[in-house]
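Below you'll find the structure, written out as structure tokens, and then a few comments.
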Amino acid sequence: MFFVYILNSNNLNQFYIGYTSMILEDRLRRHLS
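Set out below in structure tokens:
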């Protein structure tokens with residue numbers, strides 16, 4: 001199953017749109033590292 005996500009960056013005042021087949025929590029951890 002694939003997930004589409006939208007992250008909002010308050011510091012940069014922009015959105016990051018992506019998709020993944022990973023568990024969302026794992027993908028978010030990878031994005032933040």
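Numbering-wise, full-length UniProt numbering puts 33 at position 33 of the sequence shown, and it's gapless, one number per residue.
Glycine included, each C-beta is placed from N, C-alpha and C at the ideal position.
Own chain residues within Cβ distance below 8 Å of residue i, not counting five before or after
i	result
TYR19	PHE2, PHE3, VAL4 and TYR5
SER21	MET1, PHE2 and PHE3
ARG30	MET22
Bridge partners - residue i, DSSP secondary structure assignment
i	result
SER9	GLN14
PHE3	THR20
Contact under 9 Å by Cβ, residue i with residue j
i	j	result
LEU24	ILE17	no
Same chain, Cβ closer than 7 Å to residue i, neighbours up to 5 away in sequence not counted
i	result
residue 44	Summary: the structure shown does not reach residue 44, with the chain confined to residues 1 through 33, and so no result is reported for it.
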